[in-house]
Amino acid sequence: MYKYDEIDQQIVDERVAQFRDQTRRYLAGELTEDEFRPLRLQNGLYIQRQAPMLRIAVPYGMLSSRQLRKLGDIAKKYDKAYGHFSTRQNLQLNWPKVEDVPDILAELATVEMHAIQTSGNCIRNITTDQFVGIAPDEVVDPRAMAEIMRQWSTFHPEFALLPRKFKIAVSGTQDDRAVVQVHDIGMEFYLDSNKKIAVKVWVGGGLGRTPILGSVIREHLEWQHALTYCEAIVRVYNLHGRRDNMFKARIKILVKALGIDEFKRQVEAEWAHLKDAPNTITEAELARVSKHFDAMPYETLPAHDASFDAAIASNPAFAAWAKRSLHVHKIPGYRAVTLSLKPHGSAPGDASTEQMHVIADLAEQYSFGELRVSHEQNLILADVKLGDLFAVWQKARAHGLATPNIGLLTDIICCPGGDFCSLANAKSIPIAVAIQQQFDNLDYLHDIGDIELNISGCMNACGHHHVGHIGILGVDKDGSEWYQVSIGGSQGNNASIGSVIGPSFSAEEMPAVVQKLIDVYLKERTPEEQFIDTVRRLGVVPFKAHVYAKDEVAA
Amino acid sequence: MSNLIKLNGDVASIVENEWTIVNLPAGQAEERKQAGKVVLFKLTGEKTVTDEQIADTVIPASGKVLVPLSVFIARKAELQTRIAASEIGVWIATHEVLESLIENQPDLNALPIIAVNVERFADGRIFSLGTLLRKRYGYKNELRAVGDVLRDQLFFLKRSGFTSYLIRADRSAEEALASLKDFTTPYQGAVDEALPVFKRYNRAVK
Ligand code: SF4
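Residue numbers (my numbering), protein chains in the order written: chain Y, 1 to 555; chain Z, 1001 to 1206.
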């Protein structure tokens, strides 16, 4: 993964000094709340219900063992010994003290980490596919470009105070796992007819209260121009995006209002001036950064491993876990492993200090000392030999990291919600936990099969509820907490936004509502159909009818 | 004590402010939403300037003055000799479009100073306006940030081509000076340093 040189290190060190002074001025009353707000947000610091929340950047989801260990230590020293992995592939601490944050940032800087631009109205952490670099269907490994874009967007002076937050995702696979279509800019890397790296650029996608899939603004962009083209897009947005109403300030609203054709015309006019400007990426720079992402020193292994096959045959629990948690790898004899941060009955995405240390050790021992964070809020060991999987499983299981529910109903994507987030309309974690308890039967979960259930505590949609096969959104009705349910959303190449099934429900009703949706699916499905396929074939109507049917037995 | 920071090459210092800002008289607080052309979103909730306001604007008869863009455009004829004497600068609001300045003043470098007024410090349009004035329109003279100008934005203002900063009256310009040096080696090319770091340094992996 990318390693800092002295220039990178100097920038994070200077950032710590800068924020230390800003915090000092704030605590001394020299900066007002309003003046401090954008400064702290651009360092990932929110003031939340319970306490501040600090969001630490994990650029494009890549972590080293050393970094994860440090995160565990920080969680212990400054927080309640756990952290929360978010859908933006970041780590959030829920209980740090404002006055400790400069020290936390200083500790992060010692392991080449920071909290720069993890919040605020600026270009945020760039995200990508968690199987980047190892997926068999990968055409271009976009990590070097993601790193180049990270550097470019870090303190970009022109885009320091945008109308609203700005999220960029990159992907380089046939099967899009980075959800580029729901980002402000989505960069889909591919090889063009000359076998040169090119980008298909999407713009104006987003979730939030106006969910919308992005539009293609450019089918073919040579990689050298990735930065200048983004500058053209963000400049048009910076100048023309709405600043009078934060709910209408995202770029998607501008794109929709102008229409993609007019928006594109303006961007291209801008780019005519920026094309070939100094920020154009050179071959040398791409080569330099790409070196950091060279292939791991893989061993030459057969495609099968006898000890693995034997363990699968003799140990049903291991087999069940392997079925859900392993992912194909482009190198024979290797697998990627998802460690579940979704044990039934606790907040999705949470990891304790101890678990972070265990995972760091596992990565060091079995996966070249690196791991990834997925936007489904799990952690991934990308490069494990088949013969090591049983040992990994045993250790992971002993620490609650091997729930065999990856991709199943209880692998819930869930935002922090009303327990932590001051913007929430409703709690989301207790809903996730209640659903996990309702479906706490692994055989039944496996029978239901692949399904994505996403929960957000408000329309900001940090839990990506619009693209969940089942989406749950917390809404506020006269001061009490209700939940609106949608079905038919999906991420990936066939991305779609779910449709709301009808009036909202109370928290107590939610497990039964999900149960009824599942019942309809189990009754109606054809042998090869997953939940989403059945919803697509039948539409919302039968699901709605069953969910809202008057209960025969009033409980 | 002056609250104006001025950059001379790489050296920043606090200097006397020679320029008086001329403001429009208060209008009939009518805030219209205008739609159409490029400016579809520009004027949402932002004040439109009336002809009366422009006519009623009092421009001091002598001395160096910064006049609002709308006044400059409408009353350029009466300012002609003073423009020639380098006594007139223009200030722009962040929602105004630069094209209207360029159309009326193709030779921007005849102006000794252009200012951009930022009403709220969080309004980042000022950075794009500075960048465009420098890069697109080749403006070379003094570019000043006025209004809600605070030290934590100075570094970005400097990188966006601004060379003087009128720090908000209730804040210390002396303390703000330090923020111009927040970062030694920024990553990307911008106005002050056109080359990105990968073109300035050999960052080859050792
Ligand atoms: S979706 Fe709403 S409640 Fe949940 S984390 Fe985001 S802002 Fe907070």
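Beta carbons: idealized from backbone N, C-alpha and C, even for Gly.
Q) Would Z/LEU1177 count as contacting chain Y if we go by Cβ distances under 7 Å? A) Interface with chain Y (7 Å Cβ-Cβ cutoff): Z/LEU1177 is excluded.
Q | chain Z contacts from the region 154-176 of chain Y (Cβ-Cβ distance under 9 Å) | A | If the cut-off is 9 Å between Cβ atoms, the region 154-176 of chain Y has THR154, PHE155, HIS156, PRO157, GLU158, PHE159, ALA160, LEU161, LEU162 and PRO163 near chain Z.
(Q) Which residue wins for smallest C-alpha separation from Y/HIS446, given the options Y/PRO38, Y/LEU409, Y/ALA434 and Y/VAL433? (A) Among Y/PRO38, Y/LEU409, Y/ALA434 and Y/VAL433, the Cα nearest to that of Y/HIS446 is on Y/LEU409.
Q) Taking Cβ to Cβ, would you say Y/ALA382 is nearer than 7 Å to Y/ALA322? A) No.
Q: Using DSSP bridges, identify the partner residues of Y/ASN94.
A: None; Y/ASN94 has no bridge partner.
Q: Please check the pair Z/ALA1173 and Z/ILE1005, which I expect to be a contact at CB under 8 Å, by giving their CB distance rounded to whole angstroms.
A: Yes, Z/ALA1173 and Z/ILE1005 are in contact; Cβ-Cβ is about 5 Å, under 8 Å.
Q | C-beta atoms of Y/SER558 and Y/ILE406 nearer than 7 Å | A | A query on residue 558 of chain Y cannot be resolved here, the shown segment of chain Y reaching from 1 to 555 and no further.
**Q.** Three-state secondary structure (DSSP) of Y/PHE531
**A.** In the three-state reduction of the DSSP assignment, Y/PHE531 falls in the helix class, which pools H, G and I.
Q.
I'd like to know whether the C-beta of Y/PRO38 is nearer than 7 Å to at least one C-beta of chain Z.
A. At a cut-off of 7 Å between beta-carbon atoms, Y/PRO38 makes contact with chain Z.
Q) Taking only beta-carbon atoms, is Y/ASP5 less than 7 Å away from chain Z? A) Chain Z, which has a Cβ nearer than 7 Å to the Cβ of Y/ASP5, makes this yes.
Q) By Cβ distance, which residues of its chain are closer than 7 Å to Y/CYS458, with the 5 residues on each side in sequence left out? A) Result list for Y/CYS458: LEU423, ALA424, ASN425 and GLY474, in chain order.
Q | C-alpha gap between Y/ASP79 and Y/HIS399, whole angstroms | A | In a straight line, the C-alpha of Y/ASP79 is about 20 Å away from that of Y/HIS399.
Q.
Let me check you understand the geometry: is the CB of Y/ALA424 closer than 6 Å to at least one non-hydrogen atom of ligand 1?
A. Result yes, Cβ under 6 Å from ligand 1.
Q | With 16 other Cβ atoms within 10 Å as the buried cut-off, status of Y/SER506 | A | With fewer than 16 Cβ atoms within 10 Å of its Cβ, Y/SER506 is classed as exposed.
Q) If we cut at 7 Å on Cβ distances, does Z/SER1128 have a partner in chain Y? A) Output row for Z/SER1128: interface = yes.
Q | Option in Y/CYS462, Y/ASP440, Y/LEU301 and Y/ARG288 with minimal Cα separation from Y/MET1 | A | Check the Cα spacing between Y/MET1 and each of Y/CYS462, Y/ASP440, Y/LEU301 and Y/ARG288: the tightest is with Y/ARG288.
Q) Beta carbon of Y/SER456: closer than 6 Å to some heavy atom of ligand 1? A) Within 6 Å of the C-beta of Y/SER456 there is at least one heavy atom belonging to ligand 1.
Q. At a cut of 8 Å, does the region 218-233 of chain Y reach the region 477-490 of chain Y through at least three beta carbon pairs?
A. Contact annotation: the region 218-233 of chain Y does not touch the region 477-490 of chain Y, with fewer than three C-beta pairs closer than 8 Å.
Q. Is the CB of Z/PRO1196 under 7 Å away from at least one CB in chain Y?
A. At least one CB atom of chain Y sits nearer than 7 Å to the CB of Z/PRO1196.
(Q) Once the 5 residues before and after Z/LEU1040 are set aside, which same chain residues still bring their CB inside 8 Å of it? (A) Residue placement at Z/LEU1040 is poorly supported in this model, since its pLDDT is 39, which falls under 50; the coordinates are not used for a value here.
Q | Distance, Y/LEU379 Cα to Y/VAL373 Cα | A | Taking the straight line from one Cα to the other gives about 5 Å.
**Q.** Proximal chain Y residues relative to Z/PRO1060, where beta-carbon distance stays under 9 Å
**A.** Think of a sphere of 9 Å around the beta carbon of Z/PRO1060: no beta carbon from chain Y falls inside it, the nearest being about 32 Å out.
Q: Select from the region 222-243 of chain Y all residues with a C-beta closer than 8 Å to any C-beta belonging to chain Z, and list them in chain order.
A: Residues of the region 222-243 of chain Y that bring their beta carbon within less than 8 Å of a beta carbon in chain Z comprise LEU227, ARG235, ASN238, LEU239, HIS240, GLY241, ARG242 and ARG243, in sequence order.
Q | 4-residue-minimum alpha helix (DSSP H) runs that sit fully inside the region 328-414 of chain Y, ordered along the chain | A | Taken in chain order, the complete alpha helix (DSSP H) segments of 4 or more residues contained in the region 328-414 of chain Y are 353-366 and 389-398.
Q: Check whether the region 85-101 of chain Y touches the region 124-131 of chain Y, taking contact to mean three or more Cβ pairs, one atom from each stretch, closer than 8 Å.
A: Yes, the region 85-101 of chain Y touches the region 124-131 of chain Y.
(Q) Does any residue of chain Y have a CB that is nearer than 7 Å to the CB of Z/GLY1124? (A) Taking Cβ atoms only, chain Y reaches closer than 7 Å to Z/GLY1124, which makes this a yes.
Q) Is the distance from the Cβ of Y/ARG164 to the Cβ of Y/ARG250 below 7 Å? A) Yes, these two residues count as a Cβ contact at 7 Å.
Q: Find the nearest neighbour of Y/LYS516 within the set Y/ALA495, Y/ILE487, Y/HIS292 and Y/THR280, judged by alpha-carbon distance.
A: Of the listed residues, the one whose Cα sits closest to Y/LYS516 is Y/ILE487.
Q | Helix, strand or coil at Y/SER171 according to DSSP, with G and I counted as helix | A | Note: Y/SER171 maps to strand in three-state DSSP.
Q) Which class does Z/PRO1196 belong to by DSSP, given the choice of helix, strand or coil? A) Coil at Z/PRO1196, not helix or strand.
Q) Among residues of its own chain, excluding the 5 on either side of Z/ASN1141, which ones have a beta-carbon nearer than 7 Å to its beta-carbon? A) Here the set comprises ASN1109, LEU1111, PRO1112 and ILE1113.
Q) Could you give the distance in angstroms between the alpha-carbon of Z/GLU1119 and the alpha-carbon of Y/ALA109? A) Computed Cα separation, rounded: 35 Å.
(Q) For Y/GLU219, report the span of its beta strand (DSSP E) as first-last. (A) From DSSP, the beta strand (DSSP E) with Y/GLU219 extends over 215-222.
(Q) Rounded to whole angstroms, what is the Cα-Cα separation between Z/LEU1195 and Z/THR1185? (A) Roughly 11 Å separates the two Cα atoms.
Q: Tell me whether Y/GLY417 counts as near ligand 2, meaning its Cβ is closer than 6 Å to at least one heavy atom of that ligand.
A: This structure lacks ligand 2; the ligands present are ligand 1.
Q) Between which two residues does the beta strand (DSSP E) carrying Y/VAL203 extend? A) Where Y/VAL203 is concerned, the enclosing beta strand (DSSP E) stretches over 197-203.
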